[in-house]
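Residue numbers (the numbering used here): 8 to 417. No residue lacks a Cβ here, since even glycine has one placed at the ideal position from N, Cα and C.
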């Protein structure tokens with residue numbers, strides 16, 4: 008790695024990380040509230056699955072498509088400024104929607120445009136943030152940083168929708184979305200007051216053509232054989248894992264004969280598992296090899312999914328335990344994977360590689376949903392959980408015993 012932290016930076020990394028993370032928590036929880044509020048409004052106003060699908064697509068497709076190109080821009084410029092500008096762009100898009108609701112001019116087209124702008128902003132913010140972490144945190148402490156990041160993401164995904172739902176009971180949607188503006192302001196201030204060093208080779212990057220830089224990101228990922236294989240393996244896991252969360256209500260109602268309360272318990276169990284997993288990675292991440300944590304956490308997910316599909320309909324409590332284990336496994340392998348990327352790739356090209364990896368993972372979402380939906384209709388949701396578990400377990404065995412992947416030193 009070309010980056011070497013100075014003594015004062017080594018001593019202050021926790022302070023810098025926690026300042027940035029505090030701001031990001033408010034920003035992410037605001038975004039989570041906006042996302043919930045928009046979905047809720049679309050559901051109440053249109054009651055259309057097609058509208059919700061379109062909203063979902065415009066919300067992630069720009070991120071997935073722009074990922075590799077945005078990564079090159081991240082590596083060319085100051086990552087601190089990119090994060091601030093991205094937060095401002097996302098907040099301005101939300102402000103447009105707030106004004107539209109205030110004056111009674113809200114429409115599907117405006118909502119779609121706002122979702123596209125927010126997705127583009129996230130496409131810049133995510134790789135800039137992830138590529139900045141190794142510039143702040145010593146390599147041996149990247150697992151701690153990953154734990155903090157994962158915990159914030161998990162907590163925001165839990166409390167954001169809950170807080171939005173609570174507020175919608177008392178105020179109109181525009182006031183809920185206003186929280187996102189406040190969160191963005193806090194995030195920008197927190198980033199503005201810390202020092203985020205730039206990679207040493209940033210000036211060289213500016214002298215290369217943009218397309219050359221993008222291509223170099225792909226070449227760099229392929230050059231690291233172990234990382235490239237692991238990316239393929241975890242993209243296959245993502246195809247299976249990502250749709251599972253949306254299938255919880257279905258398996259609760261159709262297989263366990265539960266209602267809204269039971270479905271809520273399953274969601275809570277999954278969320279609690281995610282919080283535990285996010286905390287656990289900070290504890291075990293520096294003690295065990297990351298590739299082993301990835302392999303065994305994916306195996307844990309596979310076993311939990313398999314058992315979920317085999318459970319009799321009268322053992323709902325068992326499904327709650329399995330839901331928690333499924334939730335726990337996600338942050339463990341996801342955080343460990345990004346630590347391996349951050350520690351394996353030079354900081355000057357890290358934005359490009361992360362942008363490419365993020366795009367691959369984002370494209371796994373529609374692929375997984377397109378597979379899971381019809382399969383649940385054909386074989387039943389419980390059998391799909393069983394099949395998903397078996398496939399995930401097989402994939403985990405490949406990662407555990409693959410000699411190329413096990414070359415990682417961390």
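Cβ-based burial, residue 268 [other Cβ within 10 Å; buried from 16]
As a working note, residue 268 is residue 261 in the chain shown. So residue 268 counts as exposed.
Alpha carbons only, please: which of 318, 381, 306 and 323 is nearest the one belonging to residue 405?
Position 398 of the chain shown, counted from the start, is the residue given in the question as residue 405. Residue 405 has its Cα closest to that of 306, out of 318, 381, 306 and 323.
The region 348-364 touching the region 314-328, judged by at least three CB pairs closer than 8 Å:
no
Identify, in the order they occur along the chain, each residue of the same chain with its Cβ nearer than 6 Å to the Cβ of residue 330, setting aside the five sequence neighbours on each side.
Working through the chain shown from its first residue, we reach residue 330 at position 323. Closer than 6 Å at Cβ, skipping near neighbours: 273, 276 and 277.
Would you kindly report the start and end of the unbroken alpha helix (DSSP H) that includes residue 249?
By 1-based counting over the chain shown, the position of residue 249 is 242. Neither: residue 249 is in no alpha helix (DSSP H) and is coded neither H nor E.
Does residue 264 pass the burial test, meaning 16 or more other C-beta atoms within 10 Å, or should it be called exposed?
Numbered from 1 along the chain shown, position 257 holds the residue referred to as residue 264. It counts as exposed.
Below 8 Å CB to CB, which residues in the same chain sit around residue 300 once its five sequence neighbours on both sides are set aside?
Translated into positions along the chain shown, residue 300 becomes position 293. These residues qualify, in order along the chain: 288, 291, 292, 339, 340 and 343.
Residue nearest to residue 286 in terms of C-alpha spacing, selected from 97, 243 and 156:
Locating residue 286 in the chain shown gives position 279, where the first residue counts as 1. Measuring from the Cα of residue 286, the nearest candidate turns out to be 156.
Can you give me the C-alpha to C-alpha distance between residue 81 and residue 407, rounded to a whole angstrom?
Locating residue 81 in the chain shown gives position 74, counting from the first residue. Locating residue 407 in the chain shown gives position 400, counting from the first residue. Distance between the alpha carbons of residue 81 and residue 407 is about 33 Å.
First and last residue of the alpha helix (DSSP H) that includes residue 318?
Counting from one through the chain shown, the residue named residue 318 turns up at place 311. Counting along the chain, residue 318 falls outside any alpha helix (DSSP H), and DSSP gives it neither H nor E.
Just checking, does the region 240-252 make contact with the region 119-132 on the three C-beta pairs under 8 Å criterion?
no
When the distance is taken between beta carbons, is residue 140 closer than 8 Å to residue 65?
Here residue 65 refers to the residue found at position 58 when the chain shown is read from its first residue. Here residue 140 refers to the residue found at position 133 when the chain shown is read from its first residue. No; because the gap between Cβ atoms is not below 8 Å, this pair is not in contact.
Nearest to residue 75 (by Cα), restricted to the options 370, 379, 377 and 394:
On the chain shown, position 68 is the one that residue 75 refers to. The shortest Cα separation from residue 75 among 370, 379, 377 and 394 belongs to 370.
If we ignore side chains and look at the alpha-carbon of each, how far apart do residue 378 and residue 119 end up?
Here the question's residue 378 lines up with position 371 in the chain shown. Here the question's residue 119 lines up with position 112 in the chain shown. Looking at the two C-alpha atoms, the distance is approximately 25 Å.
Does the separation of the CB atoms of residue 83 and residue 135 fall below 8 Å?
Position 76 of the chain shown, counted from the start, is the residue given in the question as residue 83. Position 128 of the chain shown, counted from the start, is the residue given in the question as residue 135. No, these two residues do not count as a Cβ contact at 8 Å.
Taking the CB atoms as reference points, tell me whether residue 332 and residue 396 lie closer together than 8 Å.
The residue labelled residue 332 in the question sits at position 325 within the chain shown. The residue labelled residue 396 in the question sits at position 389 within the chain shown. No, the Cβ-Cβ distance between residue 332 and residue 396 is not below 8 Å.
Which residues bound the alpha helix (DSSP H) around residue 381?
Within the chain shown, residue 381 is the residue found at index 374, counting from 1. 354-386 is the extent of the alpha helix (DSSP H) around residue 381.
Taking the Cβ atom as the reference point for each residue, do residue 69 and residue 206 lie within a distance shorter than 8 Å?
As a working mapping, residue 69 is identified with position 62 in the chain shown. As a working mapping, residue 206 is identified with position 199 in the chain shown. The answer is no: Cβ separation not under 8 Å.
Please give me, in chain order, every unbroken run of the alpha helix (DSSP H) with length at least 4 that falls completely inside the region 95-157.
115-143
According to DSSP, is residue 295 helix, strand or coil?
Sequence index remark: in the chain shown, residue 295 carries index 288 (1-based). Note: residue 295 maps to coil in three-state DSSP.
Over what stretch of residues does the alpha helix (DSSP H) that includes residue 338 continue unbroken?
Here residue 338 corresponds to residue number 331 of the chain shown, with the count starting at 1. Run containing residue 338: 323-351, per the alpha helix (DSSP H) assignment.
Residue 46 versus residue 59 - alpha carbon distance
For the purposes of this step, residue 46 is identified with residue 39 of the chain shown, where counting begins at 1. For the purposes of this step, residue 59 is identified with residue 52 of the chain shown, where counting begins at 1. Taking the straight line joining both Cα atoms gives about 7 Å.
Straight-line gap, residue 261 to residue 388 (C-alpha atoms, nearest Å):
Along the chain shown, read from residue 1 onward, the residue named residue 261 stands at position 254. Along the chain shown, read from residue 1 onward, the residue named residue 388 stands at position 381. Going from the Cα of residue 261 to the Cα of residue 388 covers about 8 Å.
Taking all protein chains shown into account, do 16 or more other C-beta atoms lie within 10 angstroms of the C-beta of residue 313, making it buried, or fewer, making it exposed?
Counting from 1 along the chain shown, the entry for residue 313 is found at position 306. Looking at its Cβ environment, which holds 16 or more other Cβ atoms inside 10 Å, residue 313 is buried.
Under DSSP, the alpha helix (DSSP H) around residue 197 begins and ends at which residues?
Working through the chain shown from its first residue, we reach residue 197 at position 190. Element bounds for residue 197: 180-199.
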